[in-house]
Amino acid sequence: SCSYDNTIWFWDASSGRQIKSLKGHSNAVTCIQFSPDGNIIVSGSYDKTIRLWNASSGTQIKSLKGHSDIIKSVQFSPDGNTIVSGSHDKTIRLWKVSSGEEIICLEGHSSAVTCVQFSSDGNMILSCSHDGTVRLWDIASRKQIKSLEGHLSAVTSVQFSPDGSKIVSGSYDNTIRLWNSSLGKAQFLEDYSSPVQFSADGKKIVSDSHDKVIQLHGDVSSSSSLFHFALDDNESLLNSQNERVSLQKCIWQGGIQRTGLSLRDSTWKDAKGLTLLQISVVEKYGGTF
């Protein structure tokens with residue numbers, strides 16, 4: 011996990027116990043990810059640097075400098091050899107993991123870049139921005155393939171479906187839009203917010219918002235929600251069907267001042283400076299997502 015207190019923390023997934031912290035950033039840490047082999051961690055920060063860490067020892071390997079503003083998103087390529095980063099300086103940059111060298115700078119967004127992702131084959135980059143657009147980039151040619159327009163406000167979260175045929179985006183305009191990645195056509199779900207995430211099979215979408223509500227959409231072709239999670243006054247996790255659920259896996263990112271942190275007993279406690287990125291749900295009677 012990463013936080014506005016400038017640190018990165020390791021946690022024991024079974025007990026919830028803090029294991030160790032990584033210190034080195036001089037400002038809020040906004041994004042982190044493990045490398046595909048689990049040996050390296052990449053982090054981005056308000057201090058305008060990207061840092062690589064040894065996941066076993068917790069020592070810093072490299073500090074990558076080039077962005078001139080806050081870094082909001084980082085991700086490893088599928089082969090683990092390259093990192094993509096998105097920044098408030100409006101650029102998308104690619105870095106060589108082995109040397110820390112910047113190898114590509116993509117420009118085109120007219121405002122802060124908020125989220126970036128590699129395609130599953132590592133040949134394309136997906137990005138979104140405060141300029142309200144979602145963009146596809148070809149790495150080999152270093153050119154923009156298409157700009158997906160339709161959101162009425164900043165787009166803060168974007169992701170390819172597992173098979174690459176669809177793109178989901180979430181925006182401050184309170185809509186989630188589902189795009190055909192080849193045609194650029196979209197359908198949208200109203201009154202939902204960002205971040206957004208596909209399930210592993212690409213059939214479900216989960217969305218998070220600032221009002222303590224999590225929506226699980228069971229059919230990506232439908233505007234209905236399968237689950238609607240919220241916190242009651244005692245900060246216990248509830249859903250719209252009045253069934254308790256167990257949150258088995260959550261991925262969090264620093265950025266929102268107040269949300270919940272899931273525990274093994276399915277209750278949430280105040281966790282300032284964290285926001286939900288990814289969630290795996292186990293239903294009351296054993297169904298999985």
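Residue numbers for the sequence shown follow this note's numbering, so the first one is 11 and each next one is one higher.
Yeah, the Cβ is synthetic: ideal placement off N, Cα and C, and Gly gets one too.
Because the structure is a prediction, the values reported are computed rather than measured.
Just tell me which of the options has its CA closest to the CA of residue i.
i    : options               : result
T17  : I29, I93, N37, H161   : N37
K30  : W63, W105, G132       : W63
S66  : W21, T185, K75        : W21
K58  : I51, L74, G48, I114   : L74
K82  : C12, G34, G174        : C12
P46  : V144, W19, N91, T69   : N91
L32  : S25, S24, G54, G26    : G54
S139 : G118, R27, Q43        : G118
G174 : G160, D183, N190      : N190
G160 : K176, G180, A150      : G180
H98  : Q28, V165, I51        : V165
T143 : I60, G68, V123, Q70   : V123
Y14  : C115, I149, V39       : V39
A150 : L136, I114, I80       : I114
Y56  : N49, W147, G48, H77   : H77
H35  : T69, S25, S24, R27    : T69
I71  : N49, I135, I80        : N49
G132 : Q28, V94, K176, S24   : V94
K176 : G26, L136, D148, Y182 : L136
List the DSSP bridge partners of residue i.
i    : result
L162 : DSSP lists no partner for L162.
D6   : Outside the displayed range of the chain (11 to 299) lies residue 6, so it cannot be described from this structure.
I177 : F170, W189
E117 : T101
G54  : C41, I60
E112 : W105
S139 : V123
I81  : S97
T92  : K106
Which residue marks the beginning of the beta strand (DSSP E) containing residue i, and which one marks its end?
i    : result
T101 : 101 to 106
T64  : Here residue 64 is Asn; the residue named in the question, Thr, does not match the sequence. Element bounds for N64: 59 to 64.
C12  : Careful: C12 lies outside any beta strand (DSSP E) and carries neither H nor E.
I18  : 17 to 21
T124 : 123 to 128
S73  : 70 to 75
S316 : Within the shown structure, residues of the chain are numbered from 11 to 299, placing residue 316 beyond reach of any answer.
Can you round the beta-carbon distance between residue i and residue j to whole angstroms, since I take them to be within the 8 Å contact cut?
i    : j    : result
V178 : L162 : V178 to L162, Cβ: 17 Å. No contact.
Y120 : D141 : Reading off the sequence shown, one finds Ser at residue 120, where the question assumed Tyr. Yes, they are in contact, since the Cβ atoms of S120 and D141 sit about 4 Å apart, within 8 Å.
I102 : G96  : 5 Å
I42  : I51  : 6 Å
L146 : M134 : 6 Å
Just checking: is the beta-carbon of residue i within a distance shorter than 8 Å of some beta-carbon in chain C?
i   : result
S11 : Included in the structure is just one protein chain, with no chain C present.
So, does the segment 75 to 94 touch the segment 116 to 129, judging by three or more C-beta pairs under 8 Å? yes
Given 8 Å, three or more beta-carbon pairs between the segment 169 to 176 and the segment 145 to 158: no
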